[in-house]
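Trainee: The sequence shown begins at 0 in numbering that gives the first Met the number 0 and counts up by one.
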Amino acid sequence: MAVRRAAEKAATAPSAAECVQVRSAAPDALDPEGSVGEAPLPTSRDDKAGDFLISQRPCLITGEGLGSQKGEQEAQAIHKENLEKLQSMSEEEILQEQGRLLAQLDSSLVAFLKSRRGGNEGQKKELKMEQNKLEEFVESLPVAQHDVRSSLSMQESGLEESVRKEENTKVEITDDDLPVKPKKEWIHMDNVEFEKLEWMKDLPSLRQKKTKKGMQARFSLKGELIPADADLPTHLGLHHHGEEAERAGYSFQELFHLSRSQVTQQRTLALQVLGRIVQKARAGEFASSLKGSVLHLLLDAGFLFLLRFSLDDAVDNVMAASVGALRALLVSLDDERYLDWTFSWYQGMAAFPFVPYNEEEEEEEEEELNGTEKSQDKKLKDENKPDSDVARYDVVKGLLKTRIQHRLRYILEVVRPVPTVVLDILHILTHIARHSSEACSQLLDCPRLIETIVREFLPTQWDPQVAEPGCLLTSLHGVACATAMKFIRVLASGGRNATARLLNTFEMKSRLSRFIAEDPLDLPLPREEAIRLSTEAFRLWAVAAGYGQACDLYRDLYPVLVRILQSLPELISTCCGKSPMIELSVQRATAVVTLLIQVTQTAAYTAELQAKLSSNNSEDTEQILPPPVAWNQVSGLQPFLETSLKKFLQEISQAETWLTLQPLATTYVIYLGVYYSACSQQPSVNPIDCLEELERLTSEVLQPLLSQPAIHSMWDLLRPCSALCNPLSCSPAPESVFSIASLSCTGGKPPLSLVGSKSPFPFLTALLFLINNVTHIHKGLTSKYSSVLGFRGLKDYLHQSWQTGPPSVTPSSAWILRHEYHLQYFVLALAQRMAGTCPDYAQHASLHHCVAMALLSRLLPGSEHLVYGVLLDLAFNPEFLPEGKAGGPEAADFSDILHLGTSAKLAQPGSAAAFFSKATRGALLRESYQNLPLIRSCYLSHFVHLQHTLKRSQASYRGQNYLIQSLLLPEAKGPILPSDWPFFPLISLYNKVTNTETPGAVLNSLPLDLVNIVTWNLQWVLLLETWRAKTLQSIPTAAKLARLMCVFLTGNDLFLEAPVHHYTAALLSVYCHPKELDSLDLDAPLPGLVSFYDLYISLLEQFEGVSFGDPLFGVFVLLPLQKRFSVHLRLSVFGEHTSILQALGVPLQQFPVPLERYTSPPEDNLNLLRLYFRTLVTGALRHTWCPVLYVVAVAHVNSFIFSQDSVTQETDAARKSMLRKTWLLVDETLKKHLLFYRMLNAESPLGFDLYEQLPPMRLKYLQMVTQKENKESAPALVS
């Protein structure tokens, strides 16, 4: 027994596993006030009173048989464990167990045990001393705890009393009392050792723990959570000899212990159970039952490396179990299903990499590196980090560091496991390939990995018996597998070089021909698997064609493609009932059309590339060979597709049929958009014929389609299915972990969601894409589609989408939002064409401009082309700012005259420069509106840093397949443009100027274009703040002011330029509105700013050097000194920068902030009050120099010296001393102001009113303080 317990103690498991506990549902676990989180009061077993149960040595076990010292230590450990068990039991439980023992044990054994206990007199004395010690301790306890401890004492005394009653009873042991009857022929069974038979006794009854603390989670062999109160039979095999033996199931600690067992079956079972637990956790089955996250807990405990080590196990079953658990941890089959579902959407082939984004890691590794240098530095750091540190942020990257691809290759090539394990490995490799282009390269570079997969799981010939019904596959080796083809397709998406290697080095071209040329029904595979394999083959070909590769197969397989296209209309007749086979057939059809889209885009640029190649321009360093497919080879397929589309659109009123056919109809519409866009660019096509075809398409197909009631219903479904209008629809799953990228599709998405089965987004996006291309080619057809922008459902959706804050950018939201942004962009692009041609468009202009402004700060990496389009055609388009034409400037002037929405006049400060007339806000708005073309050029020139990514994005959206390098988009760590992009030119110039200045040097002159750039920036911000204020609500007011401060920090005299001064003053008036001042928070972290205090110090130093006492500059210095902001800002002015007090001459009449914000509540910082008083007394602060701060200082000092609140002795002495010094001031004016200050008055020249005579209470207090001083100083004067 001692050895068994020692072995149990040696079992170690992750300490974090104790954190996952089953939530207690006991109603009496709540305290009287209903709180759940408090722990119960400690009992005597937690205190020193529990020492009475601990004797120095055990009474019965000596450990002599285990060796001298070690045996004694083991006996002592067992004794301690027994005592701890007794401490955990109540009095009733102890007496109950005692009765059971006395009833089961032989009477002679009981007598023997009592004799051993009675023979040790020393232990009796020791126990007596400990009981006396307990009684003394209990007497010192409070009454509430005395009862608890006395009950424990009763338990012990009751136990001893019952034992003493049996001491004189002679008990004999019989065979009938033994759980196992010994036989004579058994060797070495002469002496019965009851302690070794203890594990065979009945389990203790299941106890209900009514406690506020949770209980340890236990799981069945199926990975299901076992309720804490479940009393399961023992024949289920869920009971064992660990802790809480009466409870069925296995805890994480026990499963981890079993996973390192020397018994193969135990290791296999533990890994299988852990894999099932992970699978159910990812499905969210434990979210409502467990505290904490199961995946977080397992990963923190080292589960990932437990699986990695188990992969290296020599036993096939252990290896298979670890592969299954790893697949459950990494792969979500639902994620893969939805990615396949969106593959044929507009731009659906491109996807974000599965790279986790962790802000903590970014902050740790943030250095002054940019671009490629930063990327290379990060790669070097990752190589030098331990595997566990890398896996903490990125599980896939951590696994690649352990060379997992080599081990998986070995398993596939040498071990040749069963089909389930093979499929799991292929799923794992597919997930790794989705991680990044670097991961794809490592998989391609792994020796014999791709060769093994292509040879074993994509053979051109295999045993046809696998297609026979009821055939049970014992090995997947040598049989074509759709999952393997999908892995190759995802691997090809990593880059054009990877695709070229797959097609040429690994002979994937021959495989494509093999699986595309033969009909799925003729493939010797189960029908569903054959359709999947054919579908993945077409998708792989589409990916290759997306790079302009494998197009030579198009000529060879042209008859096959024509045959498939001719058969597609037959799908209508098979769509009456919904079945998996029909859905698979539709997916295969969409993959075929997606392939034709890519081949058509590739062929569209053949003539252009041929012309460049034939020109033999020596300046071109790189010549791109034209693809082996020409336009005349692809144009013949368009009639087949258009005819099929017309037939499919006839079924749009049949809801069930349309739901099945909608994915295929979507790809048809995208194909037509791509076809006509490419057709209009072909030199061999007659432009007149192209325009006539578009007119026919509009009249015969699109206009009738737009009038269908089903289309009206689709527009109405936009808002319910939108991710922007319903941010929770793309929130991360409950068990998502940041180190494993996931789309959170486990369990499926609701039908009414953006990627749900009833979503209108894919079809409407494709339809808008086609309409935009039609109106772009044929401008005269624009008015034909004016009804699109008038749909009520679309307007409601747009109105809500731009006002609702977007979801945070995560892997689970980025891929969904990208598709929604495509639809919004096409709506805006159509609106831009309508603006110039449709007279009644103006009613939609403001809404569309708000959507465009919101979209600019939301578009994700990879969509730089869309950002450029919105900036070029929409954001600065005067047509989208109808206020400029419809009396907007005049309305602004009228508002200022009437002071609408303000409690006081918002005055604009003057200038220290040469006198120039003050411009009204209306005049500034009018000038800004006229300068919109210049403003647009200014902003476009300042986004030149996006040029490289813009070219890559343009190649993708324009269908320039020969330029596309990868179908993996850039990492989506956030939007392309920051939310404060309207201030970007100003920030950029500030950074450029400050970076070029050497310490101590200043720029003596500024170029003219710098003044213009700053002016245009301020004009644009003023337009937005006046007419589109809601679009800037996401930028904190403090951040806006910080950006405006850059005007004064950029150069020396930039702020003195007339236009800069005018627009800065106008914006200051906007930000000094009472609502804006209420929202101003300088203490909160500001985006893009490390420390506002540091920025303010720079502003003070700049003011000291070049302000010339400019009132506008002075207002920006005074704004942060309001009472509710950090006292350090005020200390910096009155402590280290008192020289600026002579130049802060902002007149009270021009100061736009109410002085109450500076004087209320009274100042309580003693150091600052002393500085106020010192600057006043020394003359550093005067009313003629700095009237605003003079009023503030006088108000605070007056409040302080006459305050009679209860304060510390130091503060009381300071205020009395300050009052005495004020009474003795020689400057009568200052003395009068400090003593007779009454209240603020903005109309008074001083800024405040004075008492004609002090109130009686103040006068009495003044006399008391000053007379006390006279009395104390009288003896000194006499002497």
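Glycine is no exception: its CB is placed at the ideal position from the N, C-alpha and C atoms.
Could you work out which residue in 592, 684 and 493 is closest to residue 667 when comparing CA atoms only?
Mentor: Counting from one through the sequence shown, the residue named residue 667 turns up at place 668. Ranking 592, 684 and 493 by Cα distance to residue 667 puts 592 first.
Trainee: Quick check on DSSP: helix, strand or coil for residue 214?
Mentor: Locating residue 214 in the sequence shown gives position 215, counting from the first residue. Here residue 214 sits in strand by DSSP.
Trainee: Taking residue 559 as the reference, which of 513, 545 and 585 has the closest Cα?
Mentor: As a working mapping, residue 559 is identified with position 560 in the sequence shown. Considering only alpha carbons, the answer is 513.
Trainee: Select from 1265, 469, 736 and 779 the residue whose C-alpha is nearest the C-alpha of residue 693.
Mentor: As a first step, residue 693 is located in the sequence shown; it is residue number 694 there, counting from the start. Minimum Cα distance to residue 693 is reached at 779.
Trainee: Following the continuous alpha helix (DSSP H) through residue 718, name the residue where it begins and the one where it ends.
Mentor: As a first step, residue 718 is located in the sequence shown; it is residue number 719 there, counting from the start. Element bounds for residue 718: 717 to 720.
Trainee: Quick one: measure Cβ to Cβ for residue 753 and residue 721, integer angstroms, because I've assumed they're closer than 8 Å.
Mentor: Locating residue 753 in the sequence shown gives position 754, counting from the first residue. Locating residue 721 in the sequence shown gives position 722, counting from the first residue. Yes, they are in contact, since the Cβ atoms of residue 753 and residue 721 sit about 7 Å apart, within 8 Å.
Trainee: So, using beta-carbon positions, are residue 532 and residue 520 closer together than 9 Å?
Mentor: Numbered from 1 along the sequence shown, position 533 holds the residue referred to as residue 532. Numbered from 1 along the sequence shown, position 521 holds the residue referred to as residue 520. For residue 532 and residue 520, no; Cβs fall outside 9 Å.
Trainee: Taking residue 408 as part of the alpha helix (DSSP H), name the residues at either end of that continuous run.
Mentor: Taking the sequence shown and counting its residues from 1, the one referred to as residue 408 is at position 409. Unbroken alpha helix (DSSP H) run through residue 408: 403 to 409.
Trainee: Alpha carbon to alpha carbon, what distance is there between residue 319 and residue 439?
Mentor: Taking the sequence shown and counting its residues from 1, the one referred to as residue 439 is at position 440. Taking the sequence shown and counting its residues from 1, the one referred to as residue 319 is at position 320. For residue 439 and residue 319, the distance between alpha carbons rounds to 24 Å.
Trainee: Does any residue of chain C bring its CB to less than 9 Å from the CB of residue 484?
Mentor: Of the protein chains in this structure there is only one, and it is not chain C.
Trainee: List the whole-angstrom C-beta distance separating residue 321 from residue 399, where the pair is believed to meet the contact cut-off of C-beta under 8 Å.
Mentor: If you number the sequence shown from 1, residue 321 lands on position 322. If you number the sequence shown from 1, residue 399 lands on position 400. About 17 Å; that fails the 8 Å criterion.
Trainee: Rounded to whole angstroms, how far is the Cβ of residue 1188 from the Cβ of residue 1140, which I believe are closer than 8 Å?
Mentor: Counting from one through the sequence shown, the residue named residue 1188 turns up at place 1189. Counting from one through the sequence shown, the residue named residue 1140 turns up at place 1141. Contact flag correct, Cβ pair sits at about 6 Å.
Trainee: Counting only runs that start and end within the region 1131 to 1172, where is the alpha helix (DSSP H) found for 4 or more residues in a row?
Mentor: DSSP runs (the alpha helix (DSSP H)) wholly in the region 1131 to 1172: 1155 to 1158.
Trainee: With three or more C-beta pairs closer than 8 Å as the rule, is the region 218 to 227 touching the region 276 to 288?
Mentor: Enough Cβ pairs lie closer than 8 Å, so yes.
Trainee: Quick one: Cα of residue 444 to Cα of residue 402, how far?
Mentor: Within the sequence shown, the letter at position 445 stands for residue 444. Within the sequence shown, the letter at position 403 stands for residue 402. Roughly 12 Å between the two C-alpha positions.
Trainee: Between the Cα of residue 266 and the Cα atoms of 311, 233 and 296, which residue gives the shortest distance?
Mentor: In the sequence shown, residue 266 corresponds to position 267, counting from 1. When each option's Cα is compared against that of residue 266, the closest is 311.
Trainee: So, helix, strand or coil for residue 1238, using DSSP?
Mentor: For this step, residue 1238 is matched to residue 1239 along the sequence shown. In this structure, residue 1238 counts as strand in the three-state DSSP scheme.
Trainee: Taking the beta strand (DSSP E) that residue 1248 falls in, what are its first and last residues?
Mentor: Translated into the one-based positions of the sequence shown, residue 1248 becomes position 1249. 1247 to 1249 is the span of the beta strand (DSSP E), which, as asked, contains residue 1248.
Trainee: Quick check on this structure: which residue in 1067, 1120, 1071 and 1110 has the alpha carbon closest to the alpha carbon of residue 1092?
Mentor: If you number the sequence shown from 1, residue 1092 lands on position 1093. It is 1120 whose Cα lies nearest to the Cα of residue 1092.
Trainee: Ignore the nearest five residues each way along the sequence and tell me which others in residue 1147's own chain have a CB closer than 6 Å to its CB.
Mentor: Residue numbering aside, residue 1147 sits at position 1148 when the sequence shown is read from its first letter. Answer for residue 1147: 1186 and 1246, listed in chain order.
Trainee: What does the Cβ neighbour count give for residue 470, buried or exposed, with the cut at 16 atoms within 10 Å?
Mentor: Indexing the sequence shown from 1 puts residue 470 at position 471. It is exposed - the Cβ of residue 470 has fewer than 16 other Cβ atoms within 10 Å.
Trainee: Which residue wins for smallest C-alpha separation from residue 397, given the options 215, 387 and 717?
Mentor: Against the sequence shown, residue 397 aligns to sequence position 398. Comparing Cα-Cα distances from residue 397 to each of 215, 387 and 717, the minimum goes to 387.
Trainee: Is the region 1075 to 1091 touching the region 977 to 984 in the sense that three or more CB pairs, one from each, lie closer than 8 Å?
Mentor: Result yes; three or more Cβ-Cβ pairs closer than 8 Å.
Trainee: Along the chain, where does the alpha helix (DSSP H) containing residue 748 start, and where does it finish?
Mentor: Start at 1 with the first residue of the sequence shown, and residue 748 comes out as number 749. Premise fails: residue 748 is in no alpha helix (DSSP H) and is neither H nor E.
Trainee: What's the C-alpha gap between residue 502 and residue 488?
Mentor: As a first step, residue 502 is located in the sequence shown; it is residue number 503 there, counting from the start. As a first step, residue 488 is located in the sequence shown; it is residue number 489 there, counting from the start. Looking at the two C-alpha atoms, the distance is approximately 11 Å.
Trainee: To the nearest angstrom, how far is it from the Cα of residue 1286 to the Cα of residue 458?
Mentor: As shown, the chain starts at 0 and ends at 1278. That puts residue 1286 outside it, with no answer to give.
Trainee: Nearest-angstrom Cα distance between residue 928 and residue 674?
Mentor: For the purposes of this step, residue 928 is identified with residue 929 of the sequence shown, where counting begins at 1. For the purposes of this step, residue 674 is identified with residue 675 of the sequence shown, where counting begins at 1. Whole-angstrom Cα-Cα distance: 39 Å.
Trainee: What's the gap between the Cα of residue 724 and the Cα of residue 787?
Mentor: Your numbering for residue 724 matches position 725 in the sequence shown. Your numbering for residue 787 matches position 788 in the sequence shown. Those two C-alpha atoms are separated by around 20 Å.
Trainee: Tell me whether the region 734 to 741 and the region 647 to 660 touch, counting them as touching only if at least three CB pairs, one residue from each stretch, are closer than 8 Å.
Mentor: The region 734 to 741, when compared against the region 647 to 660, does not touch it at the 8 Å Cβ threshold.
Trainee: Beta-carbon within less than 7 Å of residue 1195's beta-carbon, same chain only, minus the 5 sequence neighbours each way: which residues are those?
Mentor: Indexing the sequence shown from 1 puts residue 1195 at position 1196. Contacts found: 1158, 1161, 1162, 1168 and 1171.
Trainee: Mark residue 806 as exposed unless 16 or more other C-beta atoms lie within 10 angstroms of its C-beta, in which case mark it buried.
Mentor: The residue you call residue 806 lines up with position 807 of the sequence shown. By the neighbour-count rule (16 or more Cβ atoms within 10 Å), residue 806 is buried.
Trainee: According to DSSP, is residue 350 part of a helix, a strand, or is it coil?
Mentor: One-based indexing of the sequence shown puts residue 350 at position 351. Strand, per DSSP.
Trainee: Pull up the DSSP beta-bridge partners for residue 249, would you.
Mentor: On the sequence shown, residue 249 is found 250 positions in, with the first residue counted as 1. In the DSSP output, where bridge partners are listed per residue, residue 249 has 218.
Trainee: Give me, in chain order, the residues of the same chain whose beta-carbon lies closer than 7 Å to that of residue 755; leave out the 5 immediate sequence neighbours on both sides.
Mentor: Taking the sequence shown and counting its residues from 1, one reaches residue 755 at position 756. Cβ within range, chain order: 720, 748 and 749.
Trainee: Closest to residue 625 by CA distance: which of 718, 549 and 1022 is it?
Mentor: By 1-based counting over the sequence shown, the position of residue 625 is 626. Closest by alpha carbon: 549.
Trainee: Given a cut-off of 9 Å on the beta-carbon distance, is the pair residue 775 and residue 345 in contact?
Mentor: Residue mapping note: residue 775 aligns to position 776 of the sequence shown, counting from 1. Residue mapping note: residue 345 aligns to position 346 of the sequence shown, counting from 1. No, Cβ-Cβ distance for residue 775 and residue 345 is not below 9 Å.
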